[in-house]
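As structure tokens, the structure follows; a few thoughts come after it.
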Amino acid sequence: MKKLTFLSIASLIFAASINAQEISKNIMTITPPIAEKIPTKLEKHGDLRIDNYYWLNNPDNEKVIAYLNEENTYYESITGHTKKFKEDLFEEMKARIKENDESVPYKLNGYYYITRYETGKDYPIYTRKKESLDAPEEILFDVNEMAKDYSYYNLTGLSVSEDNKLISFGVDTLSRRKYDIYIKNLETGEIYAERIPLTTGSATWGSDNKTLFYTRKDEKTLRADRIYRHTLGTDPITDQLVFTETDDTFGTYVYKTKSRKYIVIGSYSTLTSEYRVLEANNPMGSFKIFQPRKRGLEYSISHYGNNWYVLTNKDGALNFKLMKTSEDKTAAENWEDMIAHRTDVLLEDIDIFNDFLVVSERSDGLTKIRIKKWKGSEDYYLPFDNETYTAFTTQNPEFNTKILRYGYNSLNTPASVIDFNMETKEKTVLKETEVLGGKFNKNNYQTERLWATAADGSKIPMSVIYRKGIKKDGTNPLLIYGYGSYGATIDPYFSTVRLSLLDRGFIFAIAHVRGGEYMGRQWYEDGKLLKKKNTFTDFIDASKYLIEQGYTSPQHLYASGGSAGGLLMGAIVNMAPELYNGVIASVPFVDVVTTMLDDSIPLTTGEYDEWGNPNEVAYYEYIKSYSPYDNVEPKNYPNMLVTTGLHDSQVQYWEPAKWVAKLRDLKTDSNILLLQTNMDAGHGGASGRFEALKEVAMDYAFLLDLEGITE
């Protein structure tokens, strides 16, 4: 739940060669769809809610599909004059991306693995070369060929057997995150007939090269709840169930340690974790529990030599610490401190090498990479030179190397992949993302880290970028983005598509609100459960600060967020609609009470530790007090674009659909309100590399049009 992919940010609508008065006149002549009201009584804890649009929760109802199509038609009608502008934005953004491109190779078990793209094609080609980069290329998958008959196609979870002869992979053609696992023979090219349905898409091989472990999902809730063992060449219907996660607030997964010695089954909830281990050379054996779950005890494990290294919050280590234990004594009472807990440093991850331990940390909001030698006193940090950057370790699958590979980018610096020699401290930039077109120069952009003061005195950090030369006179259009849930931190990152806003005068800001972990674990604790409203008020206070300091004004301020960030958008338009001229809510989680009371919906039970369980009256009342859908009222709202996917398994389409219907009924303004439903996709949007750009272009056209920028 905490890993998340970056959601497209920005906005949509109006423009052409007509003036603002003509545009306004056009809007008034196009009638928006009006959803039928069919009152449904929803009662809990003696509290009665009337949901007039509950009926939209039925994708098999022809009337529901008709309504969504009507909303899409309305969207096309209202934005028809921006059609060419959207196409131009798409081509502009696409032109900055190198189409004929490939990843930096990484070596694993004797092969270099490379992902490449070809000009004019939307999907990757996965390849490898044996021992040398000069060796002949072996194509593992050309996803362009595999996807040609589908409107949506996602290939994931590539896992190669230890003898390098077989590869398992997952395929989703509906964007519902229900993956079928297949196995391909890399020597013959044959994809075997055995198909394993309803999985997470990931699998891991035993050392015998014929046993495959994978995770199945519940058909209805899509909770990953069972681990199976499959033997090559057998019917998957006979696969052996090796573990069932019976607690419906947990999910489960399986993987192999970097050392390749162990298969590991992990169980996780928001606040608690548990692992089981089995030696990979004994795949038919029984898993042994590492440390039984204790509510509130979080830990993750890495194997090296004869020891396990445990990253954990044990003993009240809020920001986590690193502990160590021997292979045969894995219970928590045997764990010994290696890196002690620090109140001002969040310990995020580790990478283990033969001679070095690499620690990923965060302090004062900034990511840091620390390198420690196992033998000796050497202990140092990689140097980074600004406050709006992101740094992270990437593919480091081999133990026996002195080279650390890491990634770096900042708001005005394209992403780089870097090899760092931990012995000599020499740095080699292997690749920096090219920004094509000849117009980009990082020195044309100013970046800042700003601090707003929240109502309770907390300092709310923001990362900001804009073209140099702007005046802070309140006239600049500004897009502020936020997420603020699950402890997920949206670090400052470079975006080629964002240049289409910056070069047209927009300022872009990321508000690092509570609910993420930008300022450490306490930052997360203070933005969830019965403190969730801090996320919303932090965002509002950050917006007010930008206005007060002259970066923008309510006439030019725009906000964007997706998924749980869409919940943030729903909350702020209820709490402070007067601050924003426009808001984009992508796949927004806005009907929080109803969803969290329905444990048949995917992800609900696993979310109780994030939002609270509304079956308990205290959480019910608190969630209801901020749930965007439940708090829509007759008043003025900003211009709004709301997007969703019909097949979304994470935030069901009916949440934004109901929300828009209720807003249409109650809002007292004549501002734009649009619902756009991708009838082919789910939570992540379109699957192709460039198809996704069309969705960003749609968003950007909305923002730019509201500013009267038409080209």
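Mapping of the sequence shown onto mature numbering (1 follows the signal peptide of the UniProt record, and there is no 0): residues -20 to -1, 1 to 691, in sequence order.
Where a beta carbon is used, it is the ideal one built from N, C-alpha and C, also for glycine.
- Contact annotation: S182 and Y103 have beta-carbon atoms that are not nearer than 9 Å.
- With fewer than 16 other beta carbons inside 10 angstroms of its own, V409 counts as exposed.
- For F193, there is no enclosing alpha helix (DSSP H); the enclosing beta strand (DSSP E) has its first and last residue at T191 to K197.
- As the crow flies, the alpha-carbon of T624 is around 10 Å from that of F569.
- Minimum Cα-Cα distance from L673 among the listed residues N41, A75 and D40 corresponds to A75.
- Under DSSP, P272 takes part in no beta bridge, so it has no partner.
- By the criterion of a C-beta distance shorter than 6 Å, I281 is surrounded in its chain by Y255, W288 and V290, once the five residues flanking it on both sides are discounted.
- Annotated as distal: P636 and V553, with beta-carbon spacing of 9 Å or more.
- Under DSSP, the beta-bridge partners assigned to A489 are V444 and I460.
- Our two residues, N299 and Y473, have alpha carbons roughly 24 Å apart in a direct line.
- At a Cβ-Cβ threshold of 9 Å, I581 and M555 do not count as neighbours.
- For H627, the secondary structure class from DSSP, reduced to helix, strand or coil, is coil.
- Excluding the 5 residues flanking it on each side, Y531 has same chain C-beta neighbours closer than 7 Å at K452, N456, L458 and I487, in chain order.
- Rounded to whole angstroms, N658 and N595 show a C-alpha spacing of 33 Å.
- Beta-bridge annotation (DSSP): T323 is not paired with any residue.
- Per the C-alpha coordinates, the member of T195, A260 and H210 positioned closest to G231 is T195.
- For P19, same chain residues with a beta-carbon under 7 Å away, outside a window of 5 residues either side, are I30 and N32 in chain order.
- When DSSP states are grouped into helix, strand and coil, E428 belongs to the strand group.
- Unbroken alpha helix (DSSP H) stretches of 4 residues or longer found wholly inside the stretch 475 to 530: 479 to 482, 501 to 505 and 513 to 528, given in chain order.
- By the C-beta density criterion, K274 is exposed, having fewer than 16 other C-beta atoms within 10 angstroms.
- Using a 10 angstroms sphere on the CB of Q529, the tally of other CB atoms stays under 16, which defines it as exposed.
- Under the DSSP assignment, V234 falls in the beta strand (DSSP E) whose first and last residues are G231 to K236.
- Under the DSSP assignment, E118 falls in the beta strand (DSSP E) whose first and last residues are E118 to D122.
- The C-alpha of A260 is placed about 7 Å away from the C-alpha of R240.
- In this structure, DSSP gives V415 a state outside helix and strand, which the three-state scheme calls coil.
- With distances taken between CA atoms, I105 lies nearest to R669 out of R669, E691, N293 and F70.
- For T427, the number of other beta carbons within 10 angstroms of its own is at least 16, and it is reported as buried.
- In this structure T180 does not touch Y133 by the C-beta definition: roughly 17 Å separates them, more than the 8 Å allowed.
- By the C-beta density criterion, H61 is buried, having at least 16 other C-beta atoms within 10 angstroms.
- Under DSSP, the beta-bridge partners assigned to F400 are L384 and K407.
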